[in-house]
Amino acid sequence: MTDPSNPHAAEAAMQHLIWALEEIEKAGSIEAAQHVRSALDALRRSIPPDQLAESEF
């Protein structure tokens, strides 16, 4: 689990999920892509808004 007090770890996790989502979408797996989107949403919700605003995601 990503430590929400470490914004760099959260940003790295989000970037990896975005890269995975891109590859999964290329492969055409709609169900897997939806799971990744859900994971991204959950991760975004776990990051305090002031730290998320600093992120590019």
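Numbering (my numbering) for the sequence shown: -17 to 39. Ideal Cβ positions, reconstructed from N, Cα and C, are used throughout, including at glycine.
{"Asked": "Selected residue, minimal CA-CA separation from Leu(-1), among Ser20, Ser28, Pro30, Ile29", "Found": "Ser20"}
{"Asked": "Whether Ala15 touches Ile6 by CB criterion (8 Å)", "Found": "yes"}
{"Asked": "C-beta atoms of Ala(-8) and Leu22 nearer than 8 Å", "Found": "no"}
{"Asked": "Residue from Pro31, Asp32, Val18 whose Cα sits closest to the Cα of His(-3)", "Found": "At residue -3 the sequence reads Gln, which differs from the His that was named. Gln(-3) has its Cα closest to that of Val18, out of Pro31, Asp32, Val18."}
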